[in-house]
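Participant: Here the sequence shown is numbered in the numbering used here, starting from 4 and rising by one per residue.
Even glycine gets a Cβ: it sits at the ideal position worked out from N, Cα and C.
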Amino acid sequence: MRQRLSSEPDRYRGRRRVPTPPRSRYAAVVTTAFVGAGIVALGANALPDAKSVSPSVLDELRQASIASQDAAARADSADRATRAERSSDATTDAAEQDPYLLPLHGYDFKSPYGVRWGKLHTGIDLVAPEGTPYQAIHSGTVTKAGWFGGYGYAVIVRHADGTEAIYGHSSAVTVKEGQQVKAGDQLGLVGNTGHSYGSHLHLEVHVNGQPLDPVPWLQERGVDIKLETEALYGDVAAS
Ligand SMILES: [Zn+2]
4 MRQRLSSEPD RYRGRRRVPT PPRSRYAAVV TTAFVGAGIV ALGANALPDA
54 KSVSPSVLDE LRQASIASQD AAARADSADR ATRAERSSDA TTDAAEQDPY
104 LLPLHGYDFK SPYGVRWGKL HTGIDLVAPE GTPYQAIHSG TVTKAGWFGG
154 YGYAVIVRHA DGTEAIYGHS SAVTVKEGQQ VKAGDQLGLV GNTGHSYGSH
204 LHLEVHVNGQ PLDPVPWLQE RGVDIKLETE ALYGDVAAS
C-alpha cells in the first residue's frame, strides 16, 4: 500500500463538502480521464474514515491549504496522486453501493460460452457441489424464480440497465418473483436440474434480450469469473 503523503488531508476537501479551490477542482476533472484500474484499486476503504475528523480540524486543514497554494504546486506530483484518489472516490462509492460480484466461490470454471456439442452454449458453467448457495452478481428484480424448462429450477434477475442474469440448474431457489435483490444476496442452491450433466451453476447474461459471453462482460465490471476474483472498486467501465 502507498505511503501517506504530507498533503493527504487535502483530500477531505473533495469528500466532505468543504469548498474546493477552482484550480484543483478543474484538475480533478482533467485527471479523471487518466484514472486507471490501479488507482481505483487503492480503494476508499484503504483511507481513514473522514467522519472521524472533527469539523474544526477540517477547517484548519482548509485554511492551511489555502495559505500554501504554492507549496501545493511544488508538490505537484504528490498532489496529482491525491487528486486522482479524490476523483476516484465518486467512482468507488458508486461501485461499493451497487457492485458486481461473483455468484459463488470455490467453483471450477468448466464450460465456456460458445458452440458445444454442435449447439451454442449460451452461458458459462461453474461446477460446485449440490446445495452450494449462490448469490446475485448484481442488484435487480427477480423476474423468474422456479422451473424454467431446460434450465431446471432457475432464477432470472433483471438489472436496472435492462440486462438480465439467468442462474440455471438449481436444486432449489430461495427468492420469489418480484423480489428486489442486491449483489451478494442468496438466490438459490447449486444443483443438477433440467438439461444438466452434473451439479453446477449455469450463468447466462442477456443484453437486449440476447445472450452474450458473460466472461468479458463481467471483466468490464471488475469481476474475473475465470480467475474467481472480484474487485469491489473495479466498476470502471460502467461509470
Ligand atoms: Zn451451461
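Determine the burial state of His203: buried for a count of at least 16 other Cβ atoms within 10 Å of its Cβ, exposed for fewer.
Facilitator: Along the sequence shown, one-based indexing puts residue 203 at 200. Buried, since its Cβ has 16 or more Cβ neighbours within 10 Å.
Participant: Quick one: is the Cβ of Gly143 within less than 7 Å of any heavy atom of ligand 1?
Facilitator: For this step, residue 143 is matched to residue 140 along the sequence shown. No, since every heavy atom of ligand 1 falls outside the 7 Å radius drawn around the Cβ of Gly143.
Participant: Looking at the secondary structure, which residues open and close the beta strand (DSSP E) in which Leu190 lies?
Facilitator: Within the sequence shown, the letter at position 187 stands for residue 190. Leu190 -> beta strand (DSSP E) spans Gln189 to Leu192.
Participant: Please classify Arg3: is it buried, with 16 or more other beta-carbons within 10 angstroms of its beta-carbon, or exposed?
Facilitator: Here the chain covers residues 4 to 242 and nothing more, so residue 3 does not appear.
Participant: For Val226, does the count of other Cβ atoms within 10 angstroms reach 16, so buried, or fall short, so exposed?
Facilitator: On the sequence shown, position 223 is the one that residue 226 refers to. Looking at its Cβ environment, which holds 16 or more other Cβ atoms inside 10 Å, Val226 is buried.
Participant: Ile42 by DSSP, collapsed to three states: which one?
Facilitator: Taking the first residue of the sequence shown as position 1, residue 42 is located at position 39. Low local confidence applies: a pLDDT of 37 at Ile42 is under 50, so the model's placement there is unreliable, and no value is given.
Participant: From Leu107, Leu206 and Trp150, pick the residue whose C-alpha is nearest to that of Glu167; which is it?
Facilitator: The residue given as residue 167 occupies position 164 in the sequence shown. It is Leu206 whose Cα lies nearest to the Cα of Glu167.
Participant: So if DSSP puts Gln138 in a beta bridge, which residue, or which two residues, is it bridged to?
Facilitator: Walking along the sequence shown from the start, residue 138 turns up at place 135. Note: Gln138 sits in a beta bridge opposite Gln189.
Participant: Please report the Cβ distance between Val184 and Tyr170, rounded to the nearest whole angstrom; I am assuming they are in contact, meaning their Cβ atoms lie under 8 Å.
Facilitator: Counting from one through the sequence shown, the residue named residue 184 turns up at place 181. Counting from one through the sequence shown, the residue named residue 170 turns up at place 167. Val184 to Tyr170, Cβ: 11 Å. No contact.
Participant: Compute the Euclidean distance between the alpha carbons of Trp174 and Gly153, then round it to the nearest angstrom.
Facilitator: In the sequence shown, residue 174 corresponds to position 171, counting from 1. In the sequence shown, residue 153 corresponds to position 150, counting from 1. The residue you asked about is not Trp; residue 174 is Ser in the sequence shown. Cα to Cα, the separation comes out at about 13 Å.
Participant: Mind checking which residues open and close the beta strand (DSSP E) that includes Val208?
Facilitator: As a first step, residue 208 must be located in the sequence shown, where it is residue number 205. Segment His203 to Val210, the beta strand (DSSP E) holding Val208.
Participant: Measuring straight from C-alpha to C-alpha, what distance separates Gln222 and Asp128?
Facilitator: Residue mapping note: residue 222 aligns to position 219 of the sequence shown, counting from 1. Residue mapping note: residue 128 aligns to position 125 of the sequence shown, counting from 1. Going by the C-alpha atoms only, they are around 16 Å apart.
Participant: Of the residues Val145, Ile140, Ala163 and Glu133, which one's Cα is nearest the Cα of Leu192?
Facilitator: Indexing the sequence shown from 1 puts residue 192 at position 189. Measuring from the Cα of Leu192, the nearest candidate turns out to be Glu133.
Participant: For ligand 1, is there any heavy atom lying closer than 7 Å to the beta carbon of Gly201?
Facilitator: In the sequence shown, counting from the first residue as 1, residue 201 sits at position 198. Because no heavy atom of ligand 1 lies under 7 Å away, the Cβ of Gly201 does not count as near it: no.
Participant: Determine the extent of the beta strand (DSSP E) in which Val218 is found, giving its start and end residues.
Facilitator: Here residue 218 corresponds to residue number 215 of the sequence shown, with the count starting at 1. Element bounds for Val218: not the beta strand (DSSP E) but the alpha helix (DSSP H), Pro217 to Gln222.
Participant: Under DSSP, the beta strand (DSSP E) around Leu107 begins and ends at which residues?
Facilitator: Within the sequence shown, the letter at position 104 stands for residue 107. Segment: none, Leu107 is in no beta strand (DSSP E) and carries neither H nor E.
Participant: For ligand 1, I want to know if Ser114 counts as a neighbour, meaning its beta carbon is within less than 7 Å of at least one of the ligand's heavy atoms.
Facilitator: Position 111 of the sequence shown, counted from the start, is the residue given in the question as residue 114. Yes, the beta carbon of Ser114 sits closer than 7 Å to at least one heavy atom of ligand 1.
Participant: Taking DSSP's pairing of strands, which residues face Val226 in a bridge?
Facilitator: In the sequence shown, residue 226 corresponds to position 223, counting from 1. The partner list for Val226 (beta bridge, DSSP) reads Glu233.
Participant: Ala168 bridges to which residues according to DSSP?
Facilitator: On the sequence shown, residue 168 is found 165 positions in, with the first residue counted as 1. In the DSSP output, where bridge partners are listed per residue, Ala168 has Val160 and Val208.
Participant: Please state whether DSSP places Gly143 in a helix, a strand or coil.
Facilitator: Numbered from its first residue, the sequence shown carries residue 143 at position 140. Gly143: strand per DSSP, three-state reduction.
Participant: Along the chain, where does the beta strand (DSSP E) that runs through His124 open and close?
Facilitator: As a first step, residue 124 must be located in the sequence shown, where it is residue number 121. Where His124 is concerned, the enclosing beta strand (DSSP E) stretches over Lys122 to His124.
Participant: Rounding to the nearest angstrom, what Cα-Cα distance links Tyr137 and Gly212 in this structure?
Facilitator: For the purposes of this step, residue 137 is taken as the residue at position 134 of the sequence shown. For the purposes of this step, residue 212 is taken as the residue at position 209 of the sequence shown. One C-alpha to the other measures close to 23 Å.
Participant: By the DSSP assignment, the beta strand (DSSP E) with Val178 in it spans what residues?
Facilitator: Locating residue 178 in the sequence shown gives position 175, where the first residue counts as 1. Per DSSP, Val178 belongs to no beta strand (DSSP E) and is neither H nor E.
Participant: Please tell me whether Gly155 and Thr125 are closer than 8 Å, where the distance is taken between their beta carbons.
Facilitator: Taking the sequence shown and counting its residues from 1, the one referred to as residue 155 is at position 152. Taking the sequence shown and counting its residues from 1, the one referred to as residue 125 is at position 122. The answer is no: Cβ separation not under 8 Å.
Participant: Using the Cα positions of Ile228 and Leu215, report the straight-line distance between them to the nearest angstrom.
Facilitator: Taking the sequence shown and counting its residues from 1, one reaches residue 228 at position 225. Taking the sequence shown and counting its residues from 1, one reaches residue 215 at position 212. Taking the straight line joining both Cα atoms gives about 15 Å.
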